[in-house]
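Down below is the structure, laid out as structure tokens.
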Amino acid sequence: MKFFITLSLVLSFSSFAQECFPPKFLSWSTGSQTNICTTQMLSSDLDPENCIPQIFPQLQTFQNIIEQGKRPWWVEKGNAHFPNVAYPGVWKNDQIDASYYPGSGEVFAAKPNVYIQSIHEEKKMKFQFLGDEAKSFLATTPMLTERLSWEGKIIETDKFEIEGVIYDYLFYDIRLPKSAMQFNHGVCTTRAESIEWMIKDLGAMNFPAISLSDFEDHWRVKIPDYPYFCIYPQYNEQLDPVLPVQLGIEQASFTRALYVLVAYRDAPDSSQMPLIPFPNLDPESIRPSTLITRENMFKEWGVAFLGE
Amino acid sequence: MKLLILLLAFSFSLAAFPSGIAGRVNSLEGCAKKVMVWLSVDEDDREKRLLLMHTEVPVGGSYKFYAKAGKYQVRANDEKGCEFFSKVEVKEGEEKIDVRMVKK
Chain A
21 MKFFITLSLV LSFSSFAQEC FPPKFLSWST GSQTNICTTQ MLSSDLDPEN CIPQIFPQLQ
81 TFQNIIEQGK RPWWVEKGNA HFPNVAYPGV WKNDQIDASY YPGSGEVFAA KPNVYIQSIH
141 EEKKMKFQFL GDEAKSFLAT TPMLTERLSW EGKIIETDKF EIEGVIYDYL FYDIRLPKSA
201 MQFNHGVCTT RAESIEWMIK DLGAMNFPAI SLSDFEDHWR VKIPDYPYFC IYPQYNEQLD
261 PVLPVQLGIE QASFTRALYV LVAYRDAPDS SQMPLIPFPN LDPESIRPST LITRENMFKE
321 WGVAFLGE
Chain B
6 MKLLILLLAF SFSLAAFPSG IAGRVNSLEG CAKKVMVWLS VDEDDREKRL LLMHTEVPVG
66 GSYKFYAKAG KYQVRANDEK GCEFFSKVEV KEGEEKIDVR MVKK
């Protein structure tokens, strides 16, 4: 009996907060399905399709997407017109080239998509960005009002209707200050496994199935073809203060997840001097709980890259 | 003094409306119901035509790209082969580009 109690304590403890003491950092792999403390990711962890990128390896990335057979319809059209469709934006020195974009902020949050899970077939709603500081938006769909809001209705329980047009999700790109982000909690992993890890994380927050499918379709294309990434998730605790949002609807909640990705050409190794310290704290410990359900649950995912 | 106040008011109004490109998406029969709108630098050579951002817009819907002053290309494609193309120069304020999809 004592043995089982001890065993269950050990097992439950290992699934909770995990901390690595520097120089060790957290890595994650599909095989282990858990975070591991390490000083160096093994090169054997590399996905077979990944190669070290060239200066601007758009062709190689596009080939990989074709070979994987998973491509949304717009990839081929985009590739016919642009050399960098398989990048989240203009890319230089392993980062977004900030000189092409307006506003300020070192973190380029690409495609935060806002989804809705509601019990209502039709319900008036308002989603408004608040705060005194100027916002560095890069794109929105639909357009925001002058009050920086989307105003319309929730319809069919999982869509928005704005000015008579139905949207599956609301979309924005924005620049955010690096100082508002956390860079301690996270994991380092390979490119393919980073997508798997993020989808698993969104699943743990009960994001709707369509949002997970959109996430995978988009980011299998738009995450650049680097062999390794460290993922630093930003949740409500980090995002609400820097980009507060007011939901003009009763009985509502808003769950936010923005994954800041830092690309690496070589296996993360604690003897390196990385641009951002490798993560050493368990990301699950800061993930918001979604146990309490509301009538109207807004959920937002996004992926961000650093820019210089 | 009056001139100074006017200038200040003008600069504040510009700050309130960041420069960029915005519009609505329309399409003809035979086109798809969702459109990918692309913003790139204005270059004829595909290798230099860097894509800045893109957004999927339902027909009838609206979009906005926030952009620095400069010359750009706005393109749009859909799954059924309809297209749109326009060049635009962004100065101060918002340029209006309504996307009208046509079958090619």
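If you read the protein sequences in the order shown, they are chains A and B. Mapping of the first sequence onto my numbering: residues 21 to 328, in sequence order. Mapping of the second sequence onto my numbering: residues 6 to 109, in sequence order. For every residue, glycine included, the Cβ atom is placed at its ideal position computed from N, Cα and C. Being a predicted model, the structure only gives us computed values, none of them experimental.
Cβ neighbour criterion (16 or more within 10 Å) applied to residue i
| i | result |
| --- | --- |
| residue 321/A | buried |
| residue 90/B | exposed |
| residue 56/B | buried |
| residue 57/A | exposed |
| residue 328/A | exposed |
| residue 257/A | exposed |
| residue 69/B | buried |
| residue 106/B | buried |
| residue 182/A | buried |
| residue 51/B | exposed |
| residue 18/B | In this predicted model, residue 18/B has a pLDDT of only 45, less than 50, meaning its place in the structure is not dependable enough to derive any value. |
| residue 130/A | buried |
| residue 172/A | buried |
| residue 292/A | exposed |
| residue 209/A | buried |
| residue 221/A | buried |
| residue 174/A | buried |
| residue 253/A | buried |
| residue 167/A | exposed |
| residue 213/A | buried |
| residue 113/A | exposed |
| residue 41/A | exposed |
| residue 230/A | exposed |
Cβ shell of residue i (< 7 Å), same chain only, five flanking positions each side left out
| i | result |
| --- | --- |
| residue 192/A | 132, 157, 159 and 160 |
| residue 187/A | 162, 179 and 180 |
| residue 19/A | Outside the modelled stretch of chain A, which goes from 21 to 328, sits residue 19/A, for which no answer is possible. |
| residue 94/B | 76 |
| residue 86/B | 108 and 109 |
Neighbourhood of residue i by C-beta, 6 Å cutoff - its chain only, sequence neighbours within 5 removed
| i | result |
| --- | --- |
| residue 84/B | 37 |
| residue 319/A | 135, 227 and 275 |
| residue 125/A | 156, 195, 196 and 197 |
| residue 29/B | 67 and 103 |
| residue 284/A | 248 |
| residue 242/A | 108 |
| residue 177/A | 138 |
The beta strand (DSSP E) enclosing residue i, as first and last residue numbers
| i | result |
| --- | --- |
| residue 170/A | 169-175 |
| residue 41/B | 39-46 |
| residue 28/B | 25-32 |
| residue 300/A | Segment: none, residue 300/A is in no beta strand (DSSP E) and carries neither H nor E. |
| residue 79/B | 75-82 |
| residue 266/A | 265-267 |
| residue 57/B | 56-63 |
| residue 3/A | Chain A is shown only over 21 to 328; residue 3/A falls outside these bounds and no answer can be derived. |
| residue 289/A | Per DSSP, residue 289/A belongs to no beta strand (DSSP E) and is neither H nor E. |
| residue 275/A | 272-284 |
| residue 87/B | 87-95 |
| residue 180/A | 179-182 |
| residue 70/B | 67-71 |
Segment limits, alpha helix (DSSP H) that includes residue i
| i | result |
| --- | --- |
| residue 257/A | 256-262 |
| residue 109/A | Premise fails: residue 109/A is in no alpha helix (DSSP H) and is neither H nor E. |
| residue 95/A | 94-101 |
8 Å CB neighbourhood of residue i in its chain, flanking five on each side removed
| i | result |
| --- | --- |
| residue 82/A | Reliability fails at residue 82/A, whose pLDDT of 48 lies under 50, so the model's placement of it is uncertain and no value is given. |
| residue 96/B | 24 and 74 |
| residue 46/B | 53, 54, 55, 57, 75, 76, 77 and 78 |
| residue 185/A | 162 |
| residue 44/A | 57, 58, 59, 290 and 300 |
| residue 102/A | none |
| residue 111/A | 76, 104, 117 and 244 |
| residue 211/A | 67, 70, 243, 245, 246, 247, 248 and 249 |
| residue 265/A | 147, 148, 149, 150 and 274 |
| residue 314/A | 271, 272 and 273 |
- Any chance you could list the alpha helix (DSSP H) runs of at least 4 consecutive residues sitting entirely within the stretch 207-246 of chain A, in chain order? Runs found: 211-224 and 229-242.
- Return the residues of the stretch 103-119 of chain A that lie within a Cβ-Cβ distance of less than 7 Å from chain B, sorted by chain order. Of all residues in the stretch 103-119 of chain A, only 103, 104, 105, 109 and 110 come within less than 7 Å of chain B when Cβ atoms are compared, listed by chain position.
- Message: Report the start-end ranges of each beta strand (DSSP E) in the stretch 113-145 of chain A that is 3 residues or longer and not cut off at the edges.
- Response: Fully enclosed beta strand (DSSP E) runs of no fewer than 3 residues occupy 127-138 of the stretch 113-145 of chain A, in order along the chain.
- Query: Got a sec: which bits of the stretch 165-187 of chain A sit with their beta carbon under 8 Å from any beta carbon on chain B, in order along the chain?
  - Reply: Here the close residues are 166, 182, 183, 184, 185, 186 and 187.
- Residues from the stretch 60-71 of chain B in contact with chain A, defined by Cβ distance under 9 Å: Correct list: 60, 61, 62, 63, 64, 65, 66, 67, 68, 69, 70 and 71.
- Query: Residues in the stretch 75-91 of chain B with C-beta within 8 Å of chain A's C-beta atoms, listed in sequence order?
  - Reply: Within the stretch 75-91 of chain B, the qualifying residues are 80, 82 and 84.
- Select from the stretch 40-56 of chain B all residues with a C-beta closer than 7 Å to any C-beta belonging to chain A, and list them in chain order. Cβ contacts with chain A come from 41, 43, 45, 51, 52, 54, 55 and 56.
- Task: Residues of the stretch 186-206 of chain A with a CB closer than 7 Å to any CB of chain B: list them in chain order, please.
- Result: Residues of the stretch 186-206 of chain A with a C-beta less than 7 Å from any C-beta of chain B: 186, 187, 191 and 193, listed in chain order.
- When Cβ atoms are compared, which residues of the stretch 305-327 of chain A fall closer than 8 Å to chain B? Cβ contacts with chain B come from no residue of the stretch 305-327 of chain A.
- Message: Please list, in chain order, the residues of the stretch 122-149 of chain A that have any C-beta partner in chain B closer than 9 Å.
- Response: Close to chain B, meaning a Cβ-Cβ distance shorter than 9 Å, are the following residues of the stretch 122-149 of chain A: 122, 123, 130 and 131.
- Residues in the stretch 232-250 of chain A having any Cβ partner in chain B nearer than 8 Å: Residues passing the 8 Å Cβ filter: none.
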